[in-house]
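Peer 1: Note that the working numbering has the sequence shown beginning at 377, numbered continuously upward. Glycine included, every Cβ here is placed at the ideal spot set by N, Cα and C. I'd like to ask you about the structure that follows.
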Amino acid sequence: MSTEALEQTLVLIKPDALKLSLTGYLLSQLSEFHTGLRLAALKIVQVSEMLASAHYAEHRGKFFYPPLIDYIRGKLHYPNEPGRRRVVAIVYSGPDAVKVIRRIAGPTSPHVARDAAPGTVRALGTVVPVKEASGAVLGERMDNLIHASATLEEAEREIKLWFEPRDIMPYMRAYETATCEEHYYYKDGALLLEHTPGSIGLLAPGVKAWASDLAALRALTRGEPASTPLDSIAAKYLINREPEPA
Ligand code: AMP
């Protein structure tokens, strides 16, 4: 099986797009007909705090980080309806996938997109003031409908964060996989090798995992530093397991 030069990118259809019922429009903007890219994987995700904070780790500490986390988790668009808080996570595959999708998405800010790139998806977004408790405006939140990986390196990190290998058909997997030989469980931020009450199973012998995740889990087990934080490995295995608290 050849996965040579299979360029991939992650797209998230965000909760504002779902609320505006733009999913069909976005999927057709991103369709093979427009992009020449192939749909490699797709799932509807209830976004946990763990997944959101791993996805946006580079923005931690910025003024827009707390509303950004609430936004991607759907809490801002569905404050009273946890069951409607969804993101559609998609992997597209093909030549120049990152660039092609970024071009259709447009600039991060919907205001800039409307001025500089009309016709792009984000030109349909909105910008909302972010205020502190006193009411003073700290800056803007950008409800820009769609996420698109910025670089090939980011795409790999993000696809491995949101998808397990088995979410992607074998011919469409762009990154090395390996077969797990251990049992891994997760509880309260800790990695366990045996089940204890309240722990959640991540991986079992015989299951295919991203090779980089397995290397990181084995390093953590030996007490060595790992290239991927535990929460970034665990988050994908916890997707859609339990209802998120309201
Ligand atoms: P990025 O990691 O650059 O894709 O940004 C992630 C998300 O953070 C964007 O889609 C915006 O919703 C938000 N964001 C990025 N930069 C800013 C900013 N300067 N002000 C407000 N929100 C931002």
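1. Using 10 angstroms around the beta-carbon of T555, count the other beta-carbons present and answer buried if the total reaches 16, otherwise exposed.
2. What did DSSP end up calling S378 once you bin it into helix, strand or coil?
3. Please state whether the Cβ-Cβ distance between R517 and F440 is less than 9 Å.
4. Which residue comes first and which comes last in the alpha helix (DSSP H) that contains L528?
5. Going by CA-CA distance only, name the one from T411, H431 and A465 that's closest to L394.
6. For S429, list the residues DSSP reports as bridge partners.
7. H410 to R479, Cα distance in whole Å?
8. On the CB-based measure, 16 or more other CB atoms within 10 Å of its CB, does G501 come out buried or exposed?
9. Could you tell me whether the segment 392-407 touches the segment 544-563, using the rule of 3 or more Cβ pairs below 8 Å?
10. Just to confirm before moving on: does the CB-CB distance between Q405 and Y468 stay below 9 Å?
11. For the beta strand (DSSP E) containing E434, name the first residue and the last one.
12. Between the segment 615-622 and the segment 415-428, can you find at least three pairs of beta-carbon atoms closer than 8 Å?
13. Give me whichever residues DSSP pairs with E516 in a beta bridge.
14. Using the beta-carbon count (16 or more within 10 Å), is H453 buried or exposed?
15. For the segment 601-620 against the segment 534-541, are there 3 or more C-beta pairs whose distance is under 8 Å?
16. With a CB to CB cut of under 8 Å and the five nearest residues on each side skipped, what residues in its chain are close to K390?
17. Quick check on the burial criterion: 16 or more other C-beta atoms within 10 angstroms. Buried or exposed for D589?
18. Alpha carbon to alpha carbon, what distance is there between V497 and I477?
19. Could you give the DSSP three-state label for T604: helix, strand or coil?
20. Within its chain, find whatever has a CB closer than 6 Å to the CB of H571; leave out the 5 residues flanking it on each side and keep chain order.
21. Please give the ranges of any alpha helix (DSSP H) in the segment 411-499, keeping only runs that are unbroken, at least 4 residues long and fully inside the region.
Peer 2: Taking the geometry as given:
1. Looking up residue 555 in the sequence shown gives position 179. So T555 counts as exposed.
2. Indexing the sequence shown from 1 puts residue 378 at position 2. Reliability fails at S378, whose pLDDT of 46 lies under 50, so the model's placement of it is uncertain and no value is given.
3. Translated into the one-based positions of the sequence shown, residue 517 becomes position 141. Translated into the one-based positions of the sequence shown, residue 440 becomes position 64. Contact: yes.
4. The residue you call residue 528 lines up with position 152 of the sequence shown. Segment L528 to W538, the alpha helix (DSSP H) holding L528.
5. Taking the sequence shown and counting its residues from 1, one reaches residue 394 at position 18. When each option's Cα is compared against that of L394, the closest is A465.
6. Taking the sequence shown and counting its residues from 1, the one referred to as residue 429 is at position 53. None; S429 has no bridge partner.
7. The count along the sequence shown starts at 1 and reaches residue 410 at position 34. The count along the sequence shown starts at 1 and reaches residue 479 at position 103. Roughly 12 Å between the two C-alpha positions.
8. Locating residue 501 in the sequence shown gives position 125, where the first residue counts as 1. With 16 or more Cβ atoms within 10 Å of its Cβ, G501 is classed as buried.
9. no
10. Residue numbering aside, residue 405 sits at position 29 when the sequence shown is read from its first letter. Residue numbering aside, residue 468 sits at position 92 when the sequence shown is read from its first letter. No, the Cβ-Cβ distance between Q405 and Y468 is not below 9 Å.
11. For the purposes of this step, residue 434 is identified with residue 58 of the sequence shown, where counting begins at 1. Per DSSP, E434 belongs to no beta strand (DSSP E) and is neither H nor E.
12. yes
13. Taking the sequence shown and counting its residues from 1, one reaches residue 516 at position 140. Answer is P505.
14. Walking along the sequence shown from the start, residue 453 turns up at place 77. Answer is buried; the Cβ neighbour count reaches 16.
15. yes
16. If you number the sequence shown from 1, residue 390 lands on position 14. The residues are Y447, I448, V463, D519, N520, L521, I522 and H523.
17. Taking the first residue of the sequence shown as position 1, residue 589 is located at position 213. Answer is buried; the Cβ neighbour count reaches 16.
18. Taking the first residue of the sequence shown as 1, we reach residue 477 at position 101. Taking the first residue of the sequence shown as 1, we reach residue 497 at position 121. The straight-line gap from Cα to Cα measures roughly 10 Å.
19. The residue you call residue 604 lines up with position 228 of the sequence shown. Three-state DSSP puts T604 in coil, outside helix and strand.
20. By 1-based counting over the sequence shown, the position of residue 571 is 195. Cβ neighbours of H571 beyond the five flanking positions: Y561.
21. 425-431, 441-448, 473-481 and 486-492
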